[in-house]
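Residue numbers (this note's numbering): 30 to 576.
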RNA sequence: GCCCCUGUAGCACAAUGGAUAGUGCAGGACUCUUCUAAGGUCUUGAUGUGGGUUCGAUUCCUACCGGGGGCACCA
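Below you can see the structure in the form of structure tokens.
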């Protein structure tokens, strides 16, 4: 429909003497301004040698009637607003209710995309920064799936390095500590016990001490199991787990090979990539002791990704924005070392979770762990959940907690920092994840009641399209737009509008009123229910049936 | 010092170069004998500063001011 209108306008412009025009149609922010609108007349008035309003009138006359468009209006300084005929909305309701493909688009059909995200380190805490990476990464993955691509999810984890030695040392001193807490303890005492901890670090690499090996294996396993429990709550299932101690160890070979070819250079005994040549930073890839830095490991990782999945069309890495400059350097080095991999790899940066007072640091121990945040929120949701009609209040409370956290992360542009405000995070009202869940549960509740009363939904194709239905109709476009930009918050914006329109309508309209219009209203409820369910799924937020 | 990101109501966030700059929280006034009040209705209040590009700038360019991040052997 959108394409038809745009093409008609383009042809009309040609007839009035404007060739090669770019016609952009948008959904006007306000529904009273139509279902589609364009500022084309404003843009090309000069080229057509007239004023915008006159051109708009001329274009509307030239275009004539368009099948499926009920009304065309000229408004404001010269906007042309198109109001769709009822059939378009009836079709949207039908598709929402019946088609598995509702909300999908074909922009990435047949493609295979890897998304790497979360990336917590074994032996350390899973903190709210990881929660952020997970929420954004999972939603980006699902947006890509909704665009027709096959997605493989990858997780890259640092199972070697100094943090491991600190954690093992901490555990040896204080066996009752969790691994994350043992790491913090080790960090705090590093200066005083530098030698002992550095020795452990070497022993981890060399496998020379059986006791250390045993602790290492146990810590790695327990950490990973711990993370897996969190992923289950968050709704993520990874296809590949990459490790610095495995794939990362291939990095040094690559660096040495390309050192000979002149891509890298030696400097003060270390092997560096001279990023300054390209307006970037120079960074160390191999230390003067010959150990790989994160940079070198990254090369091993990215080559491994394309070895594991050779037909990958694109590889996306989601991390915090503090790594943006680092990734520019690594990607530049990759252009020389593995050009095909570099070409298909994109770094997506998200903002950081910050306290009002400043940065969180796991070394300083002033972190809020992911699980403590989930637990606190679950606790906060507990009382309401017990009063709800849900069969499993405990499970519901956890779903609400996950929704509240993920929503707070996903509602804003991914690149921006989030100032973590505990009070606000614990609030389950207003512009929030639970608000979306509640609208969905209400719709599901009405459907359930209709079933028990034996009332069937049936769309009346002659009914007037309400604002609610006009909003619903925009869902696939909103999702496609969010997917194109890799910005989940664009979908959030639309869903909150839809939920708000539904709640407002729900307050005014008695749906199961026994009238002849009840089946039609029920069809709308069902379409809203299906759309919210699908939208929440795309955000990675659970959609409980009862609340 | 250099590079990147970012400045929108008291607070937290939206706005695809367009129409009267939206939403939530907080504040004020209403609303549950009616399908779920985690809801709904009404209400107060904002584009850091100076230039520029454009028919039109929160959006693009530029300078300044404020905030965050990065800049060699950590990840």
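Ideal Cβ positions, reconstructed from N, Cα and C, are used throughout, including at glycine.
This structure is a prediction, so every number in the text was calculated from the model and none was measured.
- Closest in C-alpha terms to residue 250, from the list 152, 65, 349 and 341, comes 152.
- Unbroken alpha helix (DSSP H) runs of no fewer than 4 residues, entirely contained in the segment 300-332, are not found.
- At a cut-off of 4 residues, the continuous stretches assigned as alpha helix (DSSP H) that sit fully inside the segment 362-428 are 368-373 and 399-416.
- With a cutoff of 8 Å on beta-carbon distance, residue 374 and residue 363 are scored as near each other.
- With fewer than 16 other Cβ atoms inside 10 Å of its own Cβ, residue 448 counts as exposed.
- Judged by DSSP secondary structure, residue 185 falls within the beta strand (DSSP E) whose first and last residues are 179-186.
- Counting only unbroken stretches of 3 or more residues, the beta strand (DSSP E) elements lying wholly within the segment 227-307 are 269-272, 294-296 and 299-302, in sequence order.
- For residue 30, no alpha helix (DSSP H) run applies, since DSSP gives it neither H nor E.
- Here residue 521 has 439 and 440 as same chain residues with Cβ atoms under 6 Å from its own Cβ, once five neighbours each way along the sequence are excluded.
- Of the candidates 488, 114, 58 and 106, the residue whose Cα lies closest to the Cα of residue 100 is 114.
- Between the C-alpha atoms of residue 479 and residue 528 there is a straight-line separation of about 20 Å.
- The C-alpha of residue 547 is placed about 41 Å away from the C-alpha of residue 166.
- Cβ contact annotation for residue 573 (same chain, cutoff 7 Å, sequence separation greater than five): 419, 425, 428, 466 and 470, in chain order.
- Assigned with DSSP and collapsed to three states, residue 140 falls in coil, not helix or strand.
- Inter-segment contact for the segment 269-288 and the segment 316-330 is present: three or more beta-carbon pairs are separated by less than 8 Å.
- Between residue 194 and residue 157, the gap from beta carbon to beta carbon reaches 8 Å or more.
- Measuring C-alpha to C-alpha distances from residue 535 to each of 568, 506, 498 and 563 identifies 498 as the nearest.
- Inclusion of residue 345 and residue 370 in the CB contact set at 8 Å is not warranted, their separation being larger than that value.
- Within a 10 Å sphere around the beta-carbon of residue 252 sit 16 or more other beta-carbons, which makes this residue buried.
- With fewer than 16 neighbouring CB atoms inside 10 Å of its own CB, residue 442 falls in the exposed class.
- Residue environment: residue 505 is assigned as buried (16 or more neighbouring CB atoms within 10 Å of its CB, all protein chains considered).
- Exclusion of the five residues before and after residue 559 leaves 125 and 126 as the residues of its chain whose Cβ lies within less than 6 Å of its Cβ.
- Remark: fewer than three beta-carbon pairs, one from each stretch, lie closer than 8 Å, so the segment 289-299 and the segment 260-270 are not flagged as touching.
- Secondary structure of residue 173 (DSSP, three-state): helix.
- Between residue 365 and residue 144, the alpha-carbon positions lie close to 23 Å from each other.
- Linking residue 85 to residue 107 through their CA atoms gives a straight-line distance of about 6 Å.
- Shown here for residue 555: same chain residues with a beta carbon closer than 7 Å to its own, the five before and five after excluded, namely 126, 476 and 486 in chain order.
- Apart from sequence neighbours up to five positions away, the residues of its chain that approach residue 305 with a beta-carbon distance below 8 Å are 311, ordered along the chain.
- Put simply, the backbone Cα of residue 51 is about 31 Å away from that of residue 142.
- DSSP assignment within the segment 497-565 yields no whole beta strand (DSSP E) run of 3 residues or more.
- Within its own chain, the residues whose Cβ lies closer than 7 Å to the Cβ of residue 530, once the five positions on either side in sequence are excluded, are 496, 497 and 500, listed in chain order.
- Here the C-alpha atom of residue 461 lies approximately 9 Å from the C-alpha atom of residue 454.
- In terms of Cβ geometry, residue 339 and residue 256 do not form a close pair [threshold 8 Å].
- Boundaries of the beta strand (DSSP E) harbouring residue 345: 343-349, taken from the DSSP string.
- For residue 80, the secondary structure class from DSSP, reduced to helix, strand or coil, is coil.
- Note that the C-beta distance between residue 38 and residue 67 is below 8 Å.
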